[in-house]
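2 protein chains.
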Amino acid sequence: MPRRVDPVKHAAKRQHILDSAAVLIAEQGYDRTTTSQLCSQAGISLGTLYHYFPGKKQIFLAVLTQDQQDTATLLDGLLDAEQSDAVEALMTFVQHLAEPATAHPFVPKLVLEAMLQAHRDPEIRSTLEGAETSERDGIRRLLARATAAGQVDQELNSDDAVAWISALINALYLEAAMNPTFDAATQLPLLMRTVRGLLRSPGKQHPRA
Amino acid sequence: MPRRVDPVKHAAKRQHILDSAAVLIAEQGYDRTTTSQLCSQAGISLGTLYHYFPGKKQIFLAVLTQDQQDTATLLDGLLDAEQSDAVEALMTFVQHLAEPATAHPFVPKLVLEAMLQAHRDPEIRSTLEGAETSERDGIRRLLARATAAGQVDQELNSDDAVAWISALINALYLEAAMNPTFDAATQLPLLMRTVRGLLRSPGKQHPRA
DNA sequence: GTCTATAAACAGATAGAC
DNA sequence: GTCTATCTGTTTATAGAC
């Protein structure tokens, strides 16, 4: 005995609303995007929108939550993997964190909008906090392994290094979102190079193998 | 025969409105900040605000313009100065571009808000464009000098390098604005170190003098 | 489930008294 | 020059017909 028509159809439409909302909010920003625009973009009316979501803010939170789950899944897989070269493991992790910025132009814009709004709205902040923490934590653990293996400049403060590797990844998102001449996919290798430069001692060669 | 009461008093009050507006907009964002809030923060009424400015947007533009003038003046002075070591000249320039981020917590927040809004509003974009262009142009010229002097990795693409030095400076502003545990003043030296790491060849020592 | 019509609150901006 | 009172349009959200 099936439950009328709901099962997948409802979830699919909900997802469709979320997808179109993500693009619109990325382009215009959360504050400037009206619920009416959200409706016309999704091809539905106001009444229908409020049938699927209790309010505008919840739509934004739902958009952020699904992105967060993608990232979390990605990170967990990478942290489990054992690799011989600790620096290369760290670099792989960094690359995977940076890669979404190259997927589609709206992605870095959405990430940046989320970061800004998180700074102003407690609800959005707590939604994002988990992802950021696990991101930094992953970097920290992999960096510790690389340092223990003597592959990183001993004088480089661990907390500072984590902060700056994280900052460099954020910089890729920032430039991809703001600078029209900046192509994230092309610039990704240079991000990797810069991270390596940060880890390497200023006065010494990185000891290979 | 003096002109009634206007001369300095008007300019001083205008400036006071701008100063309080800058802090408020930095904290809340432009869209979330209402004209009423701008008034109560400045200690005046709505009617008075519109006596000094034609509208909300013009207040924001005025805030950005004055910041821009400070930066432009700073850059010009640095570009004129001749220095023996070309890399050091570049590093001095980078440091001066990054330094405002360490001045007061609201400064990086305001800069970031401006960058976001510039991406969405043509008027704000054109107001900011001049500053960004002269910033990148300064980096480009100083980098060219350093490259000509053989102090920079020959294989490093010039445009990429400019983009990433600029991105690193923006990263300092971004982290200072978003990350409460990130102290811009403390992290400035590490920014300098990272820029040096970027310029240095991955396989060779930076040839000193 | 989806729509149209509408309520309730609030935004930016103006009028005009003092 | 500065204020209070008010206009006008828009925004989020709800009611209720189909």
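Residue numbers (the UniProt record's numbering), protein chains in the order written: chain F, 1 to 209; chain B, 1 to 209. For each residue, glycine too, the CB sits at the ideal point set by N, CA and C.
beta-carbon residue i near the ligand FAD non-hydrogen atom, thresh 8 Å
i: Pro100(F); result: This structure simply doesn't include the ligand FAD, nor any ligand for that matter.
Three-way DSSP call (helix, strand, coil) for residue i in this model
i: Val152(B); result: coil
i: Phe173(B); result: The amino acid at residue 173(B) is misidentified as Phe; the sequence shows Tyr. Helix.
i: Arg125(B); result: helix
i: residue 211(B); result: Residue coverage of chain B in this structure runs from 1 to 209, which leaves residue 211(B) outside it and unanswerable.
i: Arg193(F); result: helix
i: Phe60(B); result: helix
i: Pro54(B); result: coil
i: Arg200(F); result: coil
i: Thr33(F); result: coil
i: Ser45(F); result: coil
i: His119(F); result: coil
i: Pro180(B); result: coil
i: Asp6(F); result: coil
Residue i burial status per 10 Å Cβ neighbour count (16 or more: buried)
i: Asn157(F); result: exposed
i: Ala26(F); result: buried
i: Gln66(B); result: exposed
i: Val63(F); result: buried
i: Ser126(F); result: exposed
i: Gln187(F); result: buried
i: Glu135(B); result: buried
i: Val162(F); result: buried
i: Ser45(F); result: exposed
i: Ala81(F); result: exposed
Residues near residue i by beta carbon distance below 7 Å, same chain, minus five either side
i: Leu24(F); result: Thr33, Gln37, Leu38 and Gln41
i: Leu168(F); result: Leu191, Thr194 and Val195
i: Glu175(F); result: Phe182
i: Ala101(F); result: Val107, Pro108, Leu172, Tyr173, Ala176 and Ala184
i: Leu110(F); result: Ala22, Ile25 and Ala26
i: Tyr30(B); result: Phe60, Glu113 and Gln117
Cut-off 8 Å between Cβ atoms - residues of its own chain near residue i, not counting five sequence neighbours on either side
i: Ala11(F); result: none
i: Leu18(B); result: Ile59, Ala62, Val63 and Gln66
i: Ala148(F); result: Ala86
Same chain, Cβ closer than 6 Å to residue i, five either side skipped, listed in chain order
i: Val87(F); result: Ala146 and Gln151
i: Leu79(F); result: Gly138
i: Leu61(F); result: Thr127
i: Ser20(B); result: Gln41 and Ala42
i: Leu142(B); result: Ala89, Leu90 and Phe93
i: Lys56(B); result: Thr35
- Message: For a minimum of 4 consecutive residues, which ranges assigned as the alpha helix (DSSP H) are wholly contained in the segment 76-108 of chain F?
- Response: 86-98 and 100-103
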